[in-house]
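Working notes for the structure below.
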Amino acid sequence: FRDEAPQTVKNFLETYVENGLYSHTVFHHVDAGFIAIAGGYDAELRPVYAGEPILNESSPKRKNLKGTVAMIRLPDDANSATSQFFFNLNDNPDFDASQAGEGYCVFG
C-alpha cells in the first residue's frame, strides 16, 4: 500500500529489503491462526539492525485482515516500529485503528 502508507513502505523496502537486512531472517514468533512475526532476528537468532522508529501510518481504512502485512510496534508507543513485521494469519480487528496513527500499520 505504497500510496496509503508511503513512509512505512519506504522504510521496509529501502532500509531493510534493499540493504539485505532481511536475508536469512526467521519467523521468530508464530501463533497459528493469529500472526507470524519476523524481521527481528537472523537465522542464528541474532538481532538484526533496527533503524530509527517510524511514524505510525495506521488508518481505519486499512484493516488487519488475513493475509495482510503490518508493522510490529511497542504496545504503549504507536511510533516505535523499526524492523519487525507480521503477517495476519486471520482477521485481527483488535489491531485496527479507529483513528489515524492508533493501530498497527497495515502496509501490504
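Sequential numbering from -13 applies to the sequence shown in the working numbering. Every residue gets a Cβ at the ideal spot worked out from N, C-alpha and C, and that includes glycine. Here the structure is a predicted model, which is why all the values come from computation and not from measurement.
query: ASN76, buried or exposed, once every other Cβ within 10 Å from all chains shown has been counted against 16; result: exposed
query: Secondary structure of ASP80, DSSP reduced to three states; result: helix
query: At least 3 beta-carbon pairs within less than 8 Å: the segment 51 to 60 vs the segment 78 to 93; result: yes
query: Own chain partners of TYR35 with C-beta closer than 6 Å, once the 5 adjacent residues on each side are dropped; result: LEU7
query: For LEU41 and SER66, the rounded distance between their alpha carbons; result: 7 Å
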